[in-house]
Every structure is written in structure tokens, then in C-alpha cells.
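Chains as they are written, first to last, in my numbering: chain A, 1 to 490; chain B, 1001 to 1490.
Idealized CB from N, CA, C, for every residue including glycine.
Report on one structure; see the data block that follows.
Number of protein chains: 2
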Amino acid sequence: MMTGVSPDVPLSKSEYKSQMETLTLRLGELQRECYSRGIPVIVVLSGPSASGKGLLVGKLVMSLDPRGFRLHTQSSSTNDAQLHPFFWDFWRRLPPKGALGIFMDNWYRPLFHRAKRFKSATAQTDWFRRINAFERQLADSDYAFAKFYLHVSKREQKKRLKKLAADPNTSWRVTKRDLIMLKRFDRYSKNADLVLESTHTEVVPWTILPADNWRFASLTMTRTLVETMEKAVSGGTSPRAARPALTKRASKQGALRLADFDLSKSLDRDRYEKDLDRLQGKLRRLQNVAYRKRIPIALAYEGWDAAGKGGNIRRLVSGLDPRGYRVIPIAAPTGEEKSHHYLWRFWKNAPRNGHIFIFDRTWYGRVLVEKIEGFCTPVECERAYTEIVEMEQEWAKSGALIMKFWLHLSKDEQLRRFKLREKTPHKLWKITDEDWRNREKWDDYAQAVDLMLKRTNSKYAPWIVVESNCKLHARTKVLKAVVEQLEARL
Amino acid sequence: MMTGVSPDVPLSKSEYKSQMETLTLRLGELQRECYSRGIPVIVVLSGPSASGKGLLVGKLVMSLDPRGFRLHTQSSSTNDAQLHPFFWDFWRRLPPKGALGIFMDNWYRPLFHRAKRFKSATAQTDWFRRINAFERQLADSDYAFAKFYLHVSKREQKKRLKKLAADPNTSWRVTKRDLIMLKRFDRYSKNADLVLESTHTEVVPWTILPADNWRFASLTMTRTLVETMEKAVSGGTSPRAARPALTKRASKQGALRLADFDLSKSLDRDRYEKDLDRLQGKLRRLQNVAYRKRIPIALAYEGWDAAGKGGNIRRLVSGLDPRGYRVIPIAAPTGEEKSHHYLWRFWKNAPRNGHIFIFDRTWYGRVLVEKIEGFCTPVECERAYTEIVEMEQEWAKSGALIMKFWLHLSKDEQLRRFKLREKTPHKLWKITDEDWRNREKWDDYAQAVDLMLKRTNSKYAPWIVVESNCKLHARTKVLKAVVEQLEARL
């Protein structure tokens, strides 16, 4: 890992300049090539404060086309981040295809330079697992990655802080935390070593840079980035793309299969009106409690075409305070969405503390329509089961209550509804050629749904199959399920 | 304005229900029609706290397709807003074409329900002017607008607050501010009347709703929205589109004309190296001061193709702390950008307090390439001069330092550079067919530039024409100008 060990003889200024010039020229070419090939590049830079990260980044960006990168520093994050799942703040700032993002404020934020130990070894290894999963997901989608850690010795650190403190123009930069850190330097170092070791993977390795030799550090950083981008640019048949997905499964939650559900379930209108009123009232009260307890709620709707998602959602929200929920319609990805990882648009809409986010179609499109229409490769689809489970895990980690509904319908009932829509003027807009085409692939979809239920049903993000031949039954079933889950939770 | 005066006889429940049903059906149709025609709809709802805004919005959204609207409430704004120009927070949340945005948290925030009077009558009328300008800009771009104010009497308000305070589940909603407001109710009312009167325009009128008759209020609100959307949908040949732009001019700043600049100005390499070093050092120090004083800085680059914008920006930033600046490259608008007002993407990137935002090409594309290529109509282009000046005024209001550079070049020098680029392998990517096509329209552009300089040069956002036949001269001229402006300001 210590690829950045400092040479004995320091580099001369002219040597540095000449090497840097060559690298700069190459970096410019690579930036343009990554741009035209749509390869996103992520640079991570960590290190203790006053280790010279600012100086190093300053040197690095001088070699970059200033129009092609974005630098993320501490100050650009806001209290918004605290209202969302941890990785939300980074997902939303990921560079689009062809761009370069430098993260000085990054997902190692809670790990390096801790004054306190973790509560338990498990808590710590859990962090490593989560971070490695995040980076693996991006690397698997061909993000180019370079991670740098700026290493500084205790003596050097002391010298730097002293110098900063002495100058009235910079003394404000020395914080109380810095001084505590200096005092407990050995513990900090030991912790940093462990973090580096545990997150140094084959795909996303660390490069350690010596803070006391900035010319060497700067050259190493630039050269490593050049090599990373060269690899990405030439890696058309990257071994990564062929890497099988982890055989990870959501915790067992009893097998769900569409065929097991009784579609004849129904509800008469009288009973429905009464139940609806009662359940909507209950949900409204629960919404207030959830809001005050700051619990984020994500409700995901999937189902057959014409299963009645729209009407179901209407009944779900009609009792709610509109200030506390949002309905997020998911259609085919737009330009900006296409220039990102397929999960980006869902992460961006991760539920906010205290709010109910309702997804009308979801991230499961990846293993349904995208799988069946061939919009993603079989390998990508296979990977998606793991990636989706991991995303839901992260949301649940932040305290989110997640429920997923499959609105189930018989093939005959769908036909009846399609025909009805074609005959009813104000419903005509609801039926398109695509609906008929999808219907022809009913069996493929049914198989994909069963596999999805099997592989992504979990305790913290359960699937609920909703028999929807009778819409009245379907509406109260969803309402009842949400009320029960909320009551159990609050 | 008082279109919402309450009827003497209250509406019966069944009457309300039947009227609402008709309106709901129509609203659904109109939502789909606005969607397919790409008409964005903005609903503003203001009124004192506890006036029942939540209830009313709840009723309204029950008539809407929940997938087609977005509700903006107080809680969705963050401290980010305080780091940006006032309207930034609203521009970034404007609905895209075809969508509907309901703003309970809106730009009337600082105006209604003030306990204190404005410092001066001028301060107040200035607010009205700014708000009317904001709404006019959107209305001119065919946003459909409906503004509602929920009026409540002193007696009713007292009753409501008492009721809220009595219930332990709602007592937390009654704030100290509410009680102060009740005490000074008359002054509040008088102020609200003035605000309503001063922002009630022909294009964007207010509708006042009676808080003590919610059925009537709810019906009026829904009906007004239906009428607004109907007008928008049928308004193919809207009189608005033909309305001439305000004949507003930026404050006189001396006439600038390209022909007056001496392109033979040059600088020798030795002098350049020295000046560059000195100026970059100065700018770096000034950056620190500007950061600590929280001054936002916007530097806008325009110029002829091959005038050297890229290299100029590089020299400008190379001395700076990269954590404090951002370079924002402006290309042809993308999908999401196209679904918004043309100024949306610039407002979204309004400079953040303490940071330097550098625009590589700018909002002036509207009156240059878009004008000449016919991407906007002559009326739209004419309007743009006013709209652009107003945007810069708003940024300046928030304390921003704005400078705009036109990198000027002779036609011969451009030809020389084009040819050089074609002959130099690592510069070949810089020259495209479009560059040659633009060159053919040199005279059109020159005329458009002169008009732009004439109409948008102002004290708070000055244009600086930079003679760029000699790149060395151009680079130091920009640096010097920025240093001088900053020194004068800090």
C-alpha cells in the first residue's frame, strides 16, 4: 500500500517542473478522452488537517482543465446531509459521465482522525463493509477511482500547526480539535492505518503521499491519476465488467411467489368506505408522530400495467398533510439521469427525515423492464440485486421505514381494463402501444417478478404482494399494511 | 382584487362535493394537457399562520394527480439559501415544463406579517419592484401563475390560535411570533393589504380567499386554478408573447464599442512573467479576505472563438486556493436545462458567499449565439437585455462582485489561430466546423456584441473589453482588473 514512500534525495525544482510538464500534457489528453468516452473519474484526498491537502490539490488542478473538474470541500455540505442517509450527500455529488470529481470532503469523514474509539469492533468493520460496498458499486459501473492519503509525522504536524498559529492571518485555521489530535497522535495514526488497510481493495487502492516532501507527493499524485485514467480509457474489456455479483441475499423473509396469491379477494363498497375513512384517519395521526420523531418513510410501488397504482396512491395520500409527503414518478431516465449510475436518481430522492416519499415505479425497473428489454446486460442485472439490497440497507441504517408493494393482477383482468380504457374517452390517455407490447411478455415479467421477490425481500424492506383484481381490496390492503408497520415502529 | 369575497349563505356539503367533482375531473385533464404542451404552472399560497393553509392545500392536491405536482413548504429550505442571492432558493425549485409547483414557502416570505416596518418607503417599494420583476420574467416565458392569499379576521385568528394551544398535540404549533402577530394584528393587516395591492398585476393577480369559509375558499382556489390553466392552454397566441420589453437600461457607464479598442497592445514575456507572479500572489491574498468577508464573486468570460478564454482562466485561477473557486463551463443546454427558463441554469449557479464562480461562456449566449442563430425570437431576445440586467442586479443586491470580460480579437488573428490549431496535433480538438461557421457571421456577432455592451454595461456588473491579440497582455489585464476591483471593495 505504501506506494508513495519518499525518496532519500529531494527532487530539484527543475526536475519537478519538467516531469510535471509531461504529466500535465498527458492529463489534458486523458481528460478529453474520458470526456468523449463518458468515463467519470473520482479522486479522494484525505489526511489530517494542516497536512497540506490544499496545497496538493492546488498543484493537481493546475494540471487539469479547470472546466472539467469539480472540487468538493467540507464547506460545500450543509445540514441537509444530516436529514438523509449517510451516502446521500456523496451520491448526489458524484461526477456525471466524462467529468472528474475531487472529494476532499468524502465518505471517510467519520473514520479518520477519531478521538474516540468505535463502540465495538463490529461497528467499525460495519463501516468498512459499507464504504467498500459503495466504492465497489461505482467501480463496477466503470467509475475510475484514485484515493490518496497524505501522511504526516508527529514532528512535522507539530511544526505545521505552530507555524499556522503564529501567523495572525492563519491562526484561525488551528482548531481545538487539531490540538487534541496532536496530543493523541499515536492513537490517531493507529486508527488511520487500520482504516487504510481495511479499505485498500484491488479495485480501489490507496496511494499514500508523504506530506514532508510536497514535490514528490505532487508528482506521485498526478502520475497515479494519469495511470488510473489510462487504465480506464484502455479498459474496454475490463475484467471488472465480467466479475460475477456477490452472492449476497437479503435476510430470509419467507419465500413470496405470485402464484400463491388469491386474486379473487375482494371488498364491497360499503365496507370499503368505512375502512378507508378509518385507515386514512389513522395514517394521518401516525404521519404526525413520524414527523415529530423524524422517521423517514419510503413506499415503493411496482405492479402490472393497469393494476391501479395511480388510484391506490391517491387513496394513500388523500388523508395526509401534503407538506409531509412527496410522490416521485419514475419514467424512463432523462438526459442528466442517463449520465449517472442507474441508482443515482433514486439516491438523490432518498427519503428525508420525517417525510413520506412515495415512488410510483422504482429502482426495480433495473431487474424488470431493463432486464427484459435488454437495456442492461445480464451481468449488470445480476449485480443489481445486490446493489439494490445494499441501497435499501443504507436507507434502513438511517432509520428509514421501507415498504415495497407489488400490485398483482390476473392476465384476464388486465385485458378487461385495457379494453375499458380504450372505450372510455377520459381514460384513453392511460393506454399506449407499449402497454400492449409489455402484455405480450407477461410470462417473462412474471418470472422476473418472482426472482425479484425472492432475492430482494428483507425484514427492513419487505415486499407486500397486493391482490388488485379488486381495487377496493388493494387500496385498503396497502393502507392497512402501512398503518400496521408504522404502529409497530412508533 | 377581492375576487374571493365570501357568499352570505354557506355552501352545503353536497353542493361542495358535486362542484368539486366537476372541477377535479377538469383539473386532471388540464394537468395532462399542460404536461403534453410543456406549460409549467406555479401556485402561490400565502396567509398568516393558523389561517388554514395546510387544510386548503390538502383539498387542492386531492384534485391533482399526485405524480404531477411538487409542494414547497418552509421546512424544505435550508441554510444554503442564506449563502446565496434571495431568489436563488426559488429559481432552483421552479417546476420544469409541464409540471406544477405549489409554493407555500415563497418569495413573499420577507414581506407579509412583518412586525417591524421597513427602514424606508424606498426599501419597501424596492421589494415590490424586485418581486414583480421576478414574476414578470416567468409570466413572459409562459409560466401559468395563480396566487392566493388566505384572509383571516382578528376574531377568527384568535379563536384558531386558542384552539391549537388548548390541544397538547397541536400546542407546539403556536409560536411566540404568532402571539406577537395577534397583538399587532391591525398593523399586520395594513401591511398585508399594501403588499397585496403592490404585487397585484394584470399578468399575475392575487385571489383572496376567506379563511372562515373553507368550502368556499377551497372551491374558489380550485376554480381559479382551472381558469388559469385553461387560459394558459388556449393561449397559443398569448398577447404576452408580443408584449414589448421594458425599455430599461443599466446605469450609464460610458459607451463601450469594440472598434475603440487597440488590438495591437502587447506585453513581452519577461514583463509578463513578473506581472503574472505578482498579480497571482495578490489575488490569492485577496481571495482569503473575500472568503472571510463572505463576498460572492462572479467572473463572466465571453469572447471570440480562439480568443484564449481557456488559457486566460487557467492563469486567473492557478494562484488561487481551489477550495474557494469553481469554473462553470457553459455549453448548449441539456435536457433538464431545456425544460426550464433559459436563466434557470445560471441562477442555479449563482455565486455562493465567499466563493469565486467563473463562467466560461455565460447567460449572454441569449443575445449572441441564440439571437444570431434564431434559437430565440426577436421579442425574446429584446426582453433578454432587461432580464439579464435584472439578474445581475439581484446578484449584486446580495453583495456579489460581478465582472464581465469580452476577449476581443482581430479577424486576422482568429484566422491565424484557427490554422495553427489545425496544424498542431494536440490542439486539433479545439477547432470544429462550428468555429468556421461562426467566423462567417463575424459582422453579425460584432454588431450583437456592441449592442450587448451598450445595453448591459453597469456599475455593479461592468464589462471589460480585453484586447487579446496578445495573450500575455490579455491574461494580465484580466488579473489586474480583478485585483483592482477586489482591492477597491475590500
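*Starting from Leu1064/B, trace the alpha helix (DSSP H) both ways and give me its first and last residue.*
From DSSP, Leu1064/B is part of no alpha helix (DSSP H); its letter is neither H nor E.
*Could you confirm whether any beta carbon from chain A is found closer than 7 Å to the beta carbon of Asp1321/B?*
yes
*Which two residues bound the contiguous alpha helix (DSSP H) that contains Ser36/A?*
Lys13 to Arg37
*Nearest residue (CA-CA) to Thr386/A, options Arg366/A, Leu219/A and Asp89/A*: Arg366/A
*Are Ala211/A and Val152/A close, meaning C-beta to C-beta below 7 Å?*
yes
*Once you ignore the five residues that flank Lys154/A on each side, which residues in its own chain have a CB closer than 7 Å to its CB?*
Phe185
*asked:* Let me see if you follow: with CB-CB separation under 7 Å, is Trp1429/B close to chain A or not?
replied: Interface residue, yes.
*Report the neighbours of Asn312/A on chain B: residues whose CB is nearer than 7 Å to its CB, in chain order.*
Under the 7 Å cutoff, chain B gives no residues; its nearest Cβ is about 11 Å from Asn312/A.
*Kindly indicate if chain A contains any beta-carbon less than 7 Å away from that of Pro1239/B.*
Annotation note: pLDDT 45 at Pro1239/B (below 50); position unreliable, no value reported.
*Going by DSSP, what residues sit across from Asp360/A in a beta bridge?*
Tyr301/A and Pro329/A
*asked:* For Pro66/A and Ile1313/B, which I take to be in contact (beta-carbon distance under 8 Å), what is that distance rounded to the nearest angstrom?
replied: 6 Å
*Taking only beta carbons into account, state which residues of the stretch 32 to 61 of chain A come closer than 7 Å to chain B, listed in chain order.*
Arg32, Gly54, Val57, Gly58 and Val61
*Could you please give the first and the last residue of the uninterrupted alpha helix (DSSP H) stretch that includes Leu1283/B?*
Arg1269 to Arg1292
*Counting only the same chain and skipping the five closest in sequence on each side, list residues whose C-beta sits under 7 Å from that of Tyr291/A.*
So the list reads Gly324 and Gly354, once near-sequence residues are dropped.
*Taking 7 Å as the cut-off, decide whether the C-beta atoms of Pro95/A and Pro40/A are in contact.*
In contact: Pro95/A and Pro40/A (Cβ atoms closer than 7 Å).
*How long is the line joining the alpha carbons of Ala1259/B and Ala1306/B, rounded to whole angstroms?*
19 Å
*Could you have a look at Pro1425/B and say whether DSSP puts it in helix, strand or coil?*
When secondary structure is reduced to three states using DSSP, Pro1425/B falls in the helix class.
*Since Pro1322/B is in the alpha helix (DSSP H), which residue starts that stretch and which ends it?*
That residue, Pro1322/B, is in no alpha helix (DSSP H); it is neither H nor E in DSSP.
*Can you tell me whether DSSP reads Phe1261/B as helix, strand or coil?*
coil
*For a contact meaning CB atoms closer than 8 Å, what does Arg1326/B contact in chain A?*
Arg70 and Leu71
*Note down, in chain order, all residues in the stretch 1329 to 1347 of chain B with a beta-carbon under 7 Å from any beta-carbon belonging to chain A.*
Hits within the stretch, in order: Pro1329, Thr1334, Gly1335 and Glu1336.
*Mapping DSSP to helix, strand and coil, what is Ile295/A?*
It is coil, neither helix nor strand.
*Along chain A, which residues have their Cβ under 9 Å away from the Cβ of Val1317/B?*
Val61, Met62 and Pro66
*Count the other CB atoms, across all protein chains shown, that sit within 10 Å of the CB of Thr1362/B; report buried if there are 16 or more and exposed otherwise.*
buried
*Alpha carbon to alpha carbon, how far is Tyr1188/B from Met1181/B?*
7 Å
_At a CB distance below 7 Å, what residues from the stretch 351 to 385 of chain A approach chain B? Give them in sequence order._
Cβ contacts with chain B come from Asp360.
*So, are the CB atoms of Val1478/B and Val1465/B less than 7 Å apart?*
no
*Roughly how many angstroms separate the alpha carbons of Ala123/A and Leu83/A, rounded to a whole number?*
21 Å
*Taking C-beta to C-beta, are Pro1322/B and Asp1360/B nearer than 7 Å?*
no
*asked:* Whole angstroms are fine: how far does the CA of Asn1132/B sit from the CA of Thr224/A?
replied: 54 Å
*CA-CA distance, Pro1205/B and Phe1148/B?*
9 Å
*Rounded to a whole number of angstroms, what is the C-alpha to C-alpha distance between Lys163/A and Arg1326/B?*
29 Å
*Do the stretch 90 to 105 of chain A and the stretch 22 to 39 of chain A make contact, defined as three or more Cβ pairs closer than 8 Å?*
yes
*DSSP puts Thr1207/B in a beta bridge; with which residues?*
Phe1148/B
_Rounded C-alpha distance that separates Val1203/B from Arg352/A_ = 36 Å
*Tell me, to the nearest whole angstrom, how far the beta carbon of Leu1428/B is from that of Ser1468/B; I am working on the premise that it is less than 8 Å.*
The Cβ separation is near 21 Å, so there is no contact.
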